[in-house]
Amino acid sequence: MPLLTPCAYIICYDLKRPITDYEPFFNELKKSDKWWHYLNSTWIVLRRDALVDLPPKLVPLIYQGDFLLIQPAKGPAQGWLPKEAWDWLNQNVPRE
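Here it is in structure tokens:
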């Protein structure tokens, strides 16, 4: 059952095959209510899926030997990113 309000998740991966082999995986991430992708192997997505419901949607779209990490995203955060990345994060990722 979809959540009433979207949750923020950080999704990190290490994909072993050519990036063109993962179009279905990236298309699924883009189905999120909102998404952020400023780092090569990291997305932050806002989705109406419970955490337990994400692996069944994403794991079949990657290959054996790939790695995938999905966890709730919460701020504050620190790092070195362009201003527009920080603006998106500050507007969309909840703070504790």
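Mapped onto the working numbering, the consecutive letters of the sequence shown carry residue numbers 4 to 99.
Think of the CB as a built atom: it goes at the ideal place given N, C-alpha and C, for glycine as much as any other residue.
query: Starting from leucine 71, follow the beta strand (DSSP E) in both directions and report where the run begins and ends.; result: 70–75
query: Among Asp36, Asp69, Ser35, whose alpha-carbon lies nearest the alpha-carbon of serine 44?; result: Asp69
query: Of all the options Leu18, Val96, Lys37, Glu87, which has the alpha carbon lying nearest to the alpha carbon of proline 75?; result: Val96
query: Terminal residues of the continuous alpha helix (DSSP H) containing leucine 101?; result: The chain is shown only over 4 to 99; residue 101 falls outside these bounds and no answer can be derived.
query: Mind checking whether phenylalanine 28 and leucine 54 have CB atoms under 8 Å apart?; result: no
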